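Going by my numbering, the sequence shown opens with residue 1000, and the numbers climb by one from there.
Below: the structure, in structure tokens.
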Amino acid sequence: MQRRKNVALANINPNATPSRVAPSSPPTATVVRHKCGTSPFDRHWLNWDCCGLFCAGLTYGLHIYGCYTVTQVLLPPWMSYTVDGVRWLSFWGKFHSLLFSLVAFLAVASHFYAMTTDPGAVPPDAEPLPEVNGLDVTRQGSNDATTLDPMQVNGAGGSTTAGGNLISNSGMSSSNNRPKRICRRCKSFKPDRAHHCSICNRCILKMDHHCPWVNNCVGIGNHKFFLLFVFYTFCTCVYAMSLVVARFVNCLGSIEKHEPCLDEPTHLLGLIGLMVESLLFGMFTCCMVIDQWDVVMSNVTHIDRLKGEIFMEDIEGRSGIHEVFGSGGGKGNKKVGFRLDWLSPFAKVCFPEHVEADIMGFCRPCSRFSKAKDDDVLVDVMSSSASATSGDIV
């Protein structure tokens, strides 16, 4: 054995260059991106909960049933006239048919947007907001931004106060010493007003509740659409019930004249079903409108109130209205007044860029510098990040 080893060593060429082993490629993470779902990488937001999908389909079916009964069963024998044996709707018949169909369409559109809109899911790369009197204290690392803690600032040439606040080289202090809350299910940052939904499997910002009727959570992203859905559904119920009662009173006089009130006797079952639907869902949506009005005006969701986590209760109701319907009117406009886009399910909720991060309660380091509009500010932030990185930070 020793002889073989000596022979092998003798065959080694001393002038040969040692071969370099190619470094192994870094591990890459792969994700599955579905067309519809609730994960951070899915293209469109849609919850695949069976109960929620059934309730959503039932909601659309009830609205379609109400439109058919009003426009095809209730109004034609009542508000119409006959010319050459052909029955035509009168002006008021066309008016009520179009108006009822419009309100029902707005209710269905609001439901669709409430179901397919991200309710405010916290992204996996969310980070706490920096608090350095308006300056950013994060430094850009290899992947994500890392918040500087007091020990790191000391190593980078800064110091800390007696209370633990950060003191940078420029002499400005910070109170960003709160522990970073991590969701034990999402394994990511959890802002103050966020709560984890076990059905959506995401942390939802300003989550009020998970509604099976809209097959989605009600949060800061779709609260407006949920309110519009409840409001327009309540309007359709009141509208249908008013038409049925008015038709009943009209038929009392038609009985004495021996005039039929319905084209077919079986249509009575459809009107009874319309009355039951309008009564039940009218009472339900009325309670929901009153309940949600308190949520909007106080700016405190039901989950926050139950858990006792009241972060910002607004007595005047300004911040709640801004967060539900959007600030509107440009930057710095704090006037709370009615706007027509409040009633439109096609108008998205937008916030000015200078307050959007404060409302959401988190920032996204990956897109922080891409949204900068002023090149001077961008260069200043990058230079400060480079100076912080060049320090002796372990």
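Yeah, the Cβ is synthetic: ideal placement off N, Cα and C, and Gly gets one too.
Model, not experiment: these values are computed from the prediction.
Asked: Three or more C-beta pairs below 8 angstroms linking the region 1193-1202 and the region 1095-1115; Found: no
Asked: Cα-Cα separation, Val1248 to Val1229; Found: 29 angstroms
Asked: Helix, strand or coil at Glu1126 according to DSSP, with G and I counted as helix; Found: strand
Asked: Distance cut-off 6 angstroms: Asp1048 Cβ against heavy atoms of the ligand ATP; Found: Questions concerning the ligand ATP fall outside what the structure shown contains, since it holds no ligand whatsoever.
Asked: Distance between Val1243 and Arg1363 (C-alpha atoms, nearest Å); Found: 54 angstroms
Asked: Three-state secondary structure (DSSP) of Ala1108; Found: helix
Asked: Start-to-end residues for the alpha helix (DSSP H) that takes in Ala1356; Found: 1352-1359
Asked: Whole-Å CB distance - Val1068 paired with Leu1278, under 8 angstroms assumed; Found: Reading off the sequence, residue 1068 comes out as Thr, not Val. Rounded, the Cβ-Cβ distance is 14 angstroms, inconsistent with contact.
Asked: Burial state of Ser1109, where buried means 16 or more other Cβ atoms lie within 10 Å; Found: buried
Asked: Ser1038 versus Lys1347 - alpha carbon distance; Found: 22 angstroms
Asked: Pairwise C-alpha distance: His1301 and Phe1337; Found: 25 angstroms
Asked: CA-to-CA distance, Val1294 to Thr1235, given in whole angstroms; Found: 23 angstroms
Asked: Distance CB(Pro1122)-CB(Cys1216) smaller than 7 angstroms; Found: no
Asked: Test item: CB-CB of Ile1219 and Ala1120 under 7 angstroms; Found: no
Asked: Simplified DSSP state of Phe1337, which is helix, strand or coil; Found: coil
Asked: For Gly1036, the residue or residues it bridges with in DSSP; Found: Trp1044
Asked: Given Asp1303 as reference, the closest of Cys1210, Lys1205, Asp1041 once Cα atoms are compared; Found: Lys1205
Asked: Straight-line Cα distance separating Phe1233 from Cys1286; Found: 10 angstroms
Asked: Assigned exposure category for His1353 - 16 Cβ within 10 Å defines buried; Found: exposed
Asked: Exposure label - His1033; buried when at least 16 CB within 10 Å; Found: exposed
Asked: Neighbourhood of Lys1333 by C-beta, 6 angstroms cutoff - its chain only, sequence neighbours within 5 removed; Found: Confidence at Lys1333 is low in this model, with a pLDDT of 49, below 50, so its placement is unreliable and the value that follows should be read with caution. Nothing listed; no residue qualifies.
Asked: Rounded separation between Asp1083 and Leu1251 - CA only; Found: 28 angstroms
Asked: DSSP beta-bridge partners of Arg1201; Found: Cys1196
Asked: Reference Phe1324; option with closest CA among Val1275, Phe1350, Gly1065; Found: Phe1350
Asked: Residue closest to Pro1344, alpha-carbon to alpha-carbon, out of Leu1105, Ser1100, Thr1115, Val1031; Found: Leu1105
Asked: Straight-line Cα distance separating Leu1270 from His1222; Found: 33 angstroms
Asked: Those residues which DSSP pairs with Phe1188 across a bridge; Found: Ile1181
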